[in-house]
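Just so you know, the sequence shown maps onto residues 4 to 162 in the working numbering.
Heads up, the beta-carbon is just placed ideally off N, CA and C, and yes, glycines get one too.
If you're wondering where the values come from, they're calculated on a predicted model, not measured in any experiment.
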Amino acid sequence: MFKLAFYDEADYTDLQYDLDKGQASFTSTFSQAFERTKNSPQDSAYVISVLKNDIPTGFFVLDFGEDKYELSDNPKCVLFRSFSINPNFQGQGLGKKAVMKTDDFLQKYFPDCDEIVLAVNERNIPAKQLYLKCGYQFDGKMRLITNGRQYILSKKIKF
């Protein structure tokens with residue numbers, strides 16, 4: 004069984020996985036992402052666990068804070084960030100399932116949200132392809148950060 008759930012302290016140990024150097028250059032570790040959410044204003048960022056048979060296999064952050072305005076002018080959007088799947092579970096389609104199920108999760112817990120935005124490094128071709136397959140759009144908007152250029156992708160949520 005596959006599902007998304009708000010992070011629970013019981014997930015902590017399973018989410019302490021290491022990514023290879025290539026993947027690690029594009030995303031945060033769980034500890035980094037968790038610290039960022041703890042330092043965010045209350046109720047503005049949430050760690051979401053990706054669960055397969057109730058085992059945490061990955062995570063991402065839904066960030067409703069001010070950072071989203073770097074990518075969108077929409078006050079009802081959410082920033083999807085820090086996504087990864089434990090390398091021991093990669094290749095099973097869990098990443099795609101997680102990205103696809105995010106819409107339903109938002110509808111259930113954040114019904115006012117009508118758009119998801121994210122930034123993906125131009126060198127992270129597999130991630131960009133995944134997001135495009137899952138309905139994200141690239142309208143030509145990019146940004147330059149320390150780690151290189153990023154494509155800005157977005158997806159309207161239809162409820």
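Looking from the CA of Val-123, the closest CA among Gly-151, Pro-78 and Pro-114 belongs to Gly-151. DSSP places Tyr-72 within a helical segment (H, G or I) once states are collapsed to three. In this structure, Ile-51 lies away from Phe-113, with their beta-carbon atoms at least 8 angstroms apart. For secondary structure counted as the alpha helix (DSSP H) over 4 or more consecutive residues, the segment 30-66 holds these complete runs in sequence order: 33-41. Relative to Gln-95, the option among Gly-61, Glu-125 and Asp-117 whose CA is nearest is Gly-61.
For Pro-90 against Leu-22, the beta-carbon gap comes to about 6 angstroms, under 8 angstroms, which counts as contact. In the DSSP assignment, Leu-18 falls outside any alpha helix (DSSP H), carrying neither H nor E. Take the alpha-carbon of Thr-40 and the one of Ser-47: they are about 8 angstroms apart. In the DSSP assignment, Ala-8 forms a beta bridge with Ser-52.
Taking each of Arg-84, Leu-18 and Leu-135 in turn and checking the Cα distance to Lys-99, the smallest one comes out for Leu-135. Of the candidates Cys-137, Ile-119 and Ile-148, Ile-119 places its Cα closest to the Cα of Ser-75. Annotation: Lys-104 is outside any beta strand (DSSP E); the continuous alpha helix (DSSP H) that includes it extends over 97-112. Secondary structure note for Ile-128: its alpha helix (DSSP H) is the uninterrupted segment 128-136. Taking a C-beta distance under 8 angstroms as the contact criterion, Asp-115 and Lys-79 qualify as a contact pair. Approximately 19 angstroms separates the beta-carbon atoms of Ser-34 and Gly-68; this is outside 8 angstroms, ruling out the contact.
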